[in-house]
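One structure is given here, and the rest of the page talks about it.
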Amino acid sequence: MFREMLYQGYERLLTGEITKHGVPRHIAVIMDGNRRYADRVRIVRYYGHVYGARTTEQFLEWCWELGIKQTTIYAFSTENFSRSETERDKIFEVIAKKLDELADDPRTHERRMRVLAIGETHLLPAYLQDAIKRVEDITRDYDGLCLNVAVAYGGQREILDAVQDMARKVRAGKLRACDIDESVVSRHLYTNGVADSDVDLIVRTGGDIRTSNFLPWQASGSECAAYFCAPFWPEFRKIDFLRAIRVYQVRAHERECATRRTLNLLAACGYAEIEGVVGQVKRAICR
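For the working numbering, add 2 to where a residue sits in the sequence shown, where the first one is 1.
Structure, rendered in C-alpha cells:
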C-alpha cells in the first residue's frame with residue numbers, strides 16, 4: 003500500500019513539473035524487451051508481445067493526456083524477418099488485431115487520430131496489409147493526432163529507397179540533381195506525408211543503448227533527445243514515460259541556454275544585423 007502511494011505521489015510530482023514546460027511534438031519509441039520479459043516471467047513468448055501491445059495502448063493514452071501530437075512506434079523491423087516463421091506470424095497477428103481495434107475504437111474517432119504504416123509493407127502477409135489499409139482509409143482525413151506504425155521498417159533501406167527513387171526521377175528528367183536538398187530527400191522517405199517527420203525524442207526500453215536503424219534521417223537531422231531505460235516494454239510505466247519527457251525538456255533547456263550565450267556573444271561583437279539573427283534563433287527555439 004505504501005509503495006503504491008509513493009508511486010502515485012511521484013507520478014503526480016513528475017506530471018506537475020513536466021506540464022510547466024513544453025512537450026515534444028513527435029516521440030518515437032523502440033518497444034524492446036517483449037521476448038525477454040516473457041522468458042523472465044516464464045510465459046510463452048507470444049504473450050510477451052500481447053502484453054507489450056497493452057503497454058502501447060497505455061502509452062497512447064499518456065501521449066493524449068500531455069498533448070503530444072505525433073508518435074512513431076517500432077512494431078517490426080526488417081531485421082525481425084530473421085526470426086522463426088512461427089514467431090513472425092504471432093507478431094503479425096498481434097499487430098493486425100490491434101490495428102483492427104484502433105479502426106473501431108471510439109477514442110480514435112473522438113481524438114481524430116490518423117494511423118499510418120511506414121515501411122516495406124508489401125513484404126507483409128495479405129491479412130496484415132488489409133488491416134493496414136482499413137485503418138489508414140478510415141482515419142485518412144483526421145488531423146488531431148498521428149500514430150505512425152513502423153512495420154517491416156529499416157532506416158538504411160528507407161534512405162536507399164529514397165535515393166533510388168530520386169535517381170529514377172533524375173534519369174527521367176523529372177528532377178534535377180542540383181535541386182536535391184534535405185527537403186527533397188525527406189519527401190522521398192517513407193515518412194513523407196506524416197504530420198511532422200522530424201523526431202524530437204526517441205525512447206528505447208529493454209536496457210540497450212542503441213537506436214537499431216530506427217528513423218536515422220528523421221532523428222539525426224533534428225538532433226533529437228534520446229532516453230534509454232532498463233524496463234522491458236511490457237513493464238514500461240507512466241513514470242518512465244514522464245522521465246523521458248523530462249530528459250527532452252532538459253535537453254531543450256540546455257540548447258536554449260547555449261543559443262542565448264551565442265546571441266550574447268554576437269551582440270558583444272557588435273553585429274549590426276543581430277535583430278535578424280535573434281528572430282531566426284527564436285523561431286528555432288520555439289520549434
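Idealized CB from N, CA, C, for every residue including glycine.
Counting along the chain, where does the beta strand (DSSP E) carrying residue i start and finish?
i, result
"residue 29", "28-32"
"residue 203", "203-206"
"residue 115", "115-120"
"residue 188", "Not the beta strand (DSSP E): residue 188 falls in the alpha helix (DSSP H), residues 184-189."
"residue 9", "Unbroken run through residue 9 is the alpha helix (DSSP H), 4-20; no beta strand (DSSP E)."
"residue 76", "72-79"
"residue 228", "227-230"
By alpha-carbon positions, which one of the options ends up nearest to residue i?
i, options, result
"residue 98", "112, 241, 186 and 127", "127"
"residue 120", "45, 234, 33 and 135", "135"
"residue 146", "51, 176 and 117", "117"
"residue 143", "161, 114 and 26", "114"
"residue 206", "227, 195, 187 and 199", "227"
"residue 215", "159, 187 and 108", "159"
"residue 53", "36, 65 and 63", "36"
"residue 233", "82, 155 and 33", "33"
"residue 16", "64, 82, 174 and 81", "64"
How big is the Cα-Cα spacing for residue i and residue j?
i, j, result
"residue 14", "residue 245", "12 Å"
"residue 24", "residue 229", "17 Å"
"residue 197", "residue 157", "19 Å"
"residue 201", "residue 85", "28 Å"
"residue 178", "residue 191", "18 Å"
"residue 131", "residue 43", "32 Å"
"residue 106", "residue 180", "46 Å"
"residue 122", "residue 11", "44 Å"
"residue 1", "residue 67", "Since the displayed the chain opens at 3 and closes at 289, residue 1 lies outside it and no answer follows."
"residue 124", "residue 3", "50 Å"
"residue 287", "residue 225", "Residue confidence for residue 287 is low, a pLDDT of 46 falling below 50, so the modelled location carries little weight; the figure read from the coordinates is stated next. The alpha-carbon atoms of residue 287 and residue 225 are separated by roughly 13 Å."
"residue 166", "residue 9", "51 Å"
"residue 2", "residue 60", "Here the chain has residues from 3 to 289 only, and residue 2 is not among them."
"residue 139", "residue 100", "16 Å"
Would you check if the distance between the CB atom of residue i and the CB atom of residue j is smaller than 8 Å?
i, j, result
"residue 203", "residue 29", "yes"
"residue 152", "residue 77", "yes"
"residue 110", "residue 73", "no"
Assuming residue i is part of the alpha helix (DSSP H), what are its boundary residues?
i, result
"residue 96", "87-106"
"residue 351", "Residue coverage of the chain in this structure runs from 3 to 289, which leaves residue 351 outside it and unanswerable."
"residue 151", "Run containing residue 151: none in the alpha helix (DSSP H); it sits in the beta strand (DSSP E), 147-155."
"residue 39", "36-43"
"residue 52", "47-68"
Report back the beta-carbon spacing between residue i and residue j to the nearest angstrom; my notes put them in contact at under 8 Å.
i, j, result
"residue 75", "residue 57", "Actually they do not touch by this definition, with Cβ atoms about 10 Å apart."
"residue 256", "residue 39", "Not really, about 33 Å apart at Cβ, beyond 8 Å."
"residue 221", "residue 187", "At roughly 14 Å, the Cβ-Cβ gap does not stay under 8 Å, so residue 221 and residue 187 are not in contact."
"residue 20", "residue 247", "5 Å"
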